[in-house]
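Residue numbers 524 to 828, in the numbering used here, belong to the letters of the sequence shown in order.
Ideal Cβ placement from N, Cα and C applies to all residues, glycine included.
All remarks here apply to the structure that follows.
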Amino acid sequence: MKKSLEFISLVFYVCCIFSCINQDNQTKQEMQAQQLKSVAVQGHRGDRGNFPENSIPGFLSAIKKGVEVIELDVVISKDHRVVVSHEPFMHHLYMLQPDGQPIPKAKEKSYNLYEMPYDSIRLFDAGSKGNEKFPQQQAQKTYKPLLSDVIDSVENYIRHHDLKEVKYNIEIKSKPEEYNIYQPQPKEFVDLVMQVVNEKNIRDKVNLQSFDVQVLEVIYQNHPTVEIAYLVSEGTMEENLQKLSFQPEIYSPYYKLVTDSAFVKKVHQKGMKLIPWTVNEQQDIDRIKSLGVDGIITDYPERAL
Numbered sequence: 524m525k526k527s528l529e530f531i532s533l534v535f536y537v538c539c540i541f542s543c544i545n546q547d548n549q550t551k552q553e554m555q556a557q558q559l560k561s562v563a564v565q566g567h568r569g570d571r572g573n574f575p576e577n578s579i580p581g582f583l584s585a586i587k588k589g590v591e592v593i594e595l596d597v598v599i600s601k602d603h604r605v606v607v608s609h610e611p612f613m614h615h616l617y618m619l620q621p622d623g624q625p626i627p628k629a630k631e632k633s634y635n636l637y638e639m640p641y642d643s644i645r646l647f648d649a650g651s652k653g654n655e656k657f658p659q660q661q662a663q664k665t666y667k668p669l670l671s672d673v674i675d676s677v678e679n680y681i682r683h684h685d686l687k688e689v690k691y692n693i694e695i696k697s698k699p700e701e702y703n704i705y706q707p708q709p710k711e712f713v714d715l716v717m718q719v720v721n722e723k724n725i726r727d728k729v730n731l732q733s734f735d736v737q738v739l740e741v742i743y744q745n746h747p748t749v750e751i752a753y754l755v756s757e758g759t760m761e762e763n764l765q766k767l768s769f770q771p772e773i774y775s776p777y778y779k780l781v782t783d784s785a786f787v788k789k790v791h792q793k794g795m796k797l798i799p800w801t802v803n804e805q806q807d808i809d810r811i812k813s814l815g816v817d818g819i820i821t822d823y824p825e826r827a828l
């Protein structure tokens with residue numbers, strides 16, 4: 524009888540151990556799944572892998588797929604309009620002249636948007652040519668929109684289709700060597716962007732990002748409530764942060780600089796969110812998400828969602 528009780532106790536003990544191990548494994552799996560779901564997916568230039576970049580059709584496509592943030596770039600026209608474009612000129616790779624003729628690579632920078640009124644910019648075709656770097660991209664005639672038009676289109680689409688709100692990650696395309704040539708000085712540039720943001724009442728849904736530390740300093744000094752993302756393509760976190768007089772809310776490096784979870788932890792210990800760019804291959808997306816980053820910027824939102 525005593526041996527039977529001991530055997531029953533042993534079996535019960537072993538079962539408890541396996542039950543605990545199983546619960547631990549389930550808990551870990553649930554935590555990992557929750558961690559992956561908590562990564563905010565940003566549609567890079569809208570949905571560039573599938574639609575013309577920085578176009579209204581591309582932004583709406585990204586929203587349909589369920590992104591939490593749309594990422595876009597802005598430049599300034601001659602008449603001080605905030606234009607959604609990655610370059611401050613007409614890139615030969617995907618732009619066509621108003622008459623449908625290609626833009627010679629050697630002359631692309633002569634189509635300086637900062638020297639063109641927006642009415643002229645809008646006449647150029649930003650989608651019919653497609654983009655050889657993105658063979659899945661659907662070629663369609665479109666144009667470089669104003670930031671205000673993008674916001675109106677996005678907000679109206681969300682409202683009419685009863686979708687969740689999205690945030691806007693707006694990159695101010697700025698280089699010190701291009702001040703007063705392809706763009707205004709940082710202060711004027713930032714003020715023009717913020718004027719649109721305030722007019723459209725989306726301040727609480729916006730963060731501004733840039734590689735140009737002078738632009739970031741202007742944002743920090745003049746618009747302290749706006750969330751700032753510091754874009755970097757090289758160097759260590761410590762080296763890059765030394766270039767700023769403040770600590771930004773978001774550290775946004777080229778994804779290959781995010782080497783392991785220790786790096787992610789180091790950024791988080793600084794009190795910053797980590798949002799790497801631009802992650803397109805599935806294995807890279809899976810790796811980056813598994814490290815515990817806060818967001819991911821990709822040309823293929825469907826691969827990260």
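Proximity of residue i and residue j at Cβ, strictly below 8 Å
i	j	result
A662	M618	no
P709	V741	yes
D735	K687	no
K723	S676	no
M613	E631	yes
Y680	I586	yes
P611	E701	yes
N573	Q659	yes
L754	S733	yes
F647	Q620	yes
N635	V607	no
K588	L828	yes
G815	S775	no
P824	G566	yes
T821	V802	yes
V830	V729	The requested residue 830 is not part of the displayed model; the chain covers only 524 to 828.
V689	V592	yes
D807	Y777	no
D727	V562	no
K796	I819	no
P625	H609	no
R467	F657	One cannot answer for residue 467 here, as it falls past the ends of the chain, which runs 524 to 828.
R826	Q805	yes
Where residue i falls: helix, strand or coil (DSSP)
i	result
V537	With a pLDDT of 47 at V537, under the threshold of 50, the modelled position of that residue is not reliable, and no figure is offered here.
L764	helix
I811	helix
K793	coil
I819	strand
D642	helix
T550	Unreliable placement is indicated for T550, whose pLDDT of 49 sits below 50; the coordinate value is still reported in the next sentence. DSSP places T550 in helix when its eight states are reduced to three.
F769	coil
DSSP beta-bridge partners of residue i
i	result
Q732	E694, A752
P625	L619
S505	In this structure the chain extends from 524 to 828, so residue 505 is not present and cannot be described.
N635	F612
D648	L619
Subject >> Those runs of the beta strand (DSSP E) which lie wholly inside the stretch 552-622 and span at least 3 residues >> reply: 563-567, 592-599, 605-607
Original post:
Of all the beta strand (DSSP E) runs that stay within the bounds of the stretch 664-729, which reach a length of 3 or more residues?
Top reply: Complete beta strand (DSSP E) runs here, min 3: 690-695.
Subject >> the stretch 596-612 touching the stretch 690-706, judged by at least three CB pairs closer than 8 Å >> reply: yes
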